[in-house]
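All remarks here apply to the structure that follows.
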Amino acid sequence: MTTLLPRPVRRGRASVTTPRVPVVLPVGLLLVSIVLLRPGTLGEYTALIGCGCALAAGVAAVLRREFAPVRPVRAVSALLALMALAYTWMVLHGVWVDDLDRIRSLFQDFVLTIGSLTAAVLVLADPRARLALGRGFVVLLCVIGAMWIVTALYWSVTYAGAGQVTTIPVGTVGPQPVYFPFTVSYSTSSVFGTDVPRLTGIGRESGWMAMYCAAGWFVAEAVGYRSWLVKLLLLAGLVGTLSTAGFGVFVVVAALDVFLRPRGGIRLSGMVRQLGGLVAMGLAGWVAFYAPVLGLAAKQTSNEASLDERSDATAAGFRALTHQPLGGHGTEKQAGINLISDVAVNGLPFVLLVTAALLVPLALLRRPPGVRGRAAPVALVVFATLLTSQPAAASTWVFVLVALALACDELTDAERTAPGTLLPRGLQRLLGVRSAPRASEASTLAPSGSESPSSPVPSLPGDLS
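Count along the sequence shown starting at 1, add 83, and that's the number in my numbering.
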């Protein structure tokens with residue numbers, strides 16, 4: 084009987100036909116695509132360029148396979164397949180209802196979203212790349228949060244609007260100011276009598292940036308960043324957006340994760356914790372509604388028109404469940420602004436497929452023993468955001484973010500705590516990266532065949548750390 088052995092990873096010299104591609108190349112290209120793809124800051128104008136960056140990252144990831152071992156994640160593949168079905172339905176639905184004005188943009192959305200997501204899946208098959216991408220994403224959010232703090236403090240000692248350095252186009256609202264050191268904002272709000280910039284960051288509006296910060300809170304732990312400083316900067320970014328929906332989603336998902344997450348076994352302490360979780364969920368909902376500045380009650384006073392438009396569009400989605408479940412032409416202003424209102428535009432099948440793409444892959448994860456899953460909170464943050472306040476159509480990087488969280492859940496403990504090479508060790512310790520385990524320990528934690536003996540897990544060369 085012939086035994087088929089896995090093809091060994093090549094360790095020879097690089098050449099023109101088999102170049103040695105550092106992990107920083109595909110990861111860097113994907114990080115750049117955040118602001119270039121929808122719903123990124125420049126995504127309404129540069130989506131094609133962003134897709135090009137993502138595809139280039141996918142090509143670089145394929146070239147890396149000549150020298151770097153890969154470990155594909157079936158949950159990520161399931162996410163890609165379900166999203167392809169959802170966007171296929173969206174395009175066919177546009178043709179069916181003869182919405183000529185939308186057909187071209189729907190085809191474009193399919194190519195940009197599914198093409199970029201496919202490239203991300205190729206990158207995330209490499210454990211080193213997924214760790215580097217997750218860490219780079221968290222570091223980017225922390226830098227943005229730190230810059231917002233600097234801008235807010237600068238305004239507090241000068242005046243509102245001080246320190247404008249340039250303008251850049253943000254979403255569909257046109258050129259918006261960028262304040263020292265580089266805080267992107269499209270409005271100013273009063274917080275306890277002090278004017279502060281409303282942070283837009285890497286999103287085309289504040290709600291998207293709030294979602295990124297809320298998801299980054301959980302991604303940080305998945306990639307070994309456990310420092311209080313990281314959490315503080317992520318919270319600063321979340322607060323700086325002044326997003327009611329983002330704040331509400333974060334506090335509810337955080338309470339759900341802390342108190343109601345299953346931990347195995349039936350013990351009195353677990354029952355007490357879960358009972359406390361129900362109380363905490365109620366308190367989280369109360370905070371989300373009544374919190375100063377960020378609560379829904381405060382938003383009803385400061386931005387009532389936006390809430391009314393979203394309420395009308397959501398009500399249209401509920402009506403469509405019984406009158407037109409296959410969707411049609413959106414008539415209400417902001418139709419399709421969330422998954423509920425999307426029933427009236429793209430139909431119930433699109434909503435169900437997107438929901439399945441976000442939640443079903445969680446059941447397919449194969450986490451190493453002892454690894455605490457962080458993909459579920461990230462998926463819940465994204466799902467709750469899309470369900471209540473943001474559109475799922477053409478929101479490319481949102482689904483890349485969920486794929487990233489799913490892939491990071493299958494990192495071993497040795498992999499997620501391994502230090503990188505691009506940041507100084509002192510800075511890595513400040514970010515909360517523990518000392519890497521010994522090579523012998525790493526080899527026992529890593530799945531069989533995932534790494535070659537000549538390439539111990541903790542080294543991770545080229546990691547963005």
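C-beta: ideal position from N, C-alpha, C; glycine also.
Since the structure is predicted, the reported quantities are computational estimates derived from the model, not experimental observations.
Let me confirm a value: residue i is counted as buried when at least 16 other C-beta atoms fall within 10 Å, else exposed. Which label applies?
i	result
R521	Per-residue confidence for R521 stands at a pLDDT of 45, beneath the threshold of 50, marking its modelled position as unreliable; the derived number appears in the next sentence. Counting Cβ neighbours within 10 Å, R521 comes out exposed, since fewer than 16 surround it.
Q473	buried
R281	buried
F401	exposed
G257	exposed
W238	buried
Q247	exposed
W172	buried
P408	exposed
D192	buried
F275	exposed
D492	buried
A137	buried
A525	For A525, the predicted structure reports a pLDDT of 43, less than 50, and the residue's modelled location is therefore unreliable. A value from the coordinates is still provided. Buried, since its Cβ has 16 or more Cβ neighbours within 10 Å.
H406	exposed
Any idea which residues DSSP pairs residue i with across the strands?
i	result
V274	T277
V267	V261
G286	G123
If I follow the unbroken beta strand (DSSP E) through residue i, where does it start and stop?
i	result
Q247	Q247 to P252
Q191	Per DSSP, Q191 belongs to no beta strand (DSSP E); it is in the alpha helix (DSSP H), L183 to L207.
Would you kindly report the start and end of the unbroken alpha helix (DSSP H) that includes residue i?
i	result
Y128	G126 to R147
Q259	Q259 -> not in any alpha helix (DSSP H); beta strand (DSSP E) instead, spanning P258 to Y262.
G219	P210 to V240
R512	R508 to L514
F150	No alpha helix (DSSP H) contains F150, which DSSP labels as neither H nor E.
S424	L422 to D425
Y170	R157 to W179
A476	No alpha helix (DSSP H) contains A476, which DSSP labels as neither H nor E.
L494	No alpha helix (DSSP H) holds L494; DSSP gives it neither H nor E.
V322	W311 to T324
Cutting at 7 Å between CB atoms, please list the residues of its own chain near residue i, excluding the five before and the five after it.
i	result
I349	Reliability of the predicted coordinates at I349 is poor, the pLDDT of 49 falling under 50, and no value is obtained from them.
P252	L125, Y128 and P258
A169	F433, L436, V437 and A440
L205	G141, A144 and V145
Taking residue i and residue j to be in contact with their CB atoms under 8 Å, please state how far apart those CB atoms are, rounded to whole angstroms.
i	j	result
A158	L447	4 Å
A459	L422	So it is not a contact: roughly 18 Å between Cβ atoms.
R457	V313	Going by Cβ atoms, the distance from R457 to V313 rounds to 14 Å, so no, they are not a contact pair.
L120	T479	4 Å
L514	S270	In fact, because the Cβ distance is near 31 Å, the residues do not count as touching under 8 Å.
Going by beta carbon distance, what residues of the same chain come within less than 6 Å of residue i, once the five residues before and after it are set aside?
i	result
A143	V104, L108 and P109
V376	Residue placement at V376 is flagged as unreliable, the pLDDT there being 48, under the threshold of 50; the coordinate-derived value follows with that caveat. Closer than 6 Å at Cβ, skipping near neighbours: V274.
P264	M230 and V233
Counting only the same chain and skipping the five closest in sequence on each side, list residues whose C-beta sits under 8 Å from that of residue i.
i	result
V194	C134
P464	Correcting the residue identity first, residue 464 is Val in this sequence and not Pro. Cβ within range, chain order: M294, A297, A298, F301, V332, F333 and V336.
R508	P502
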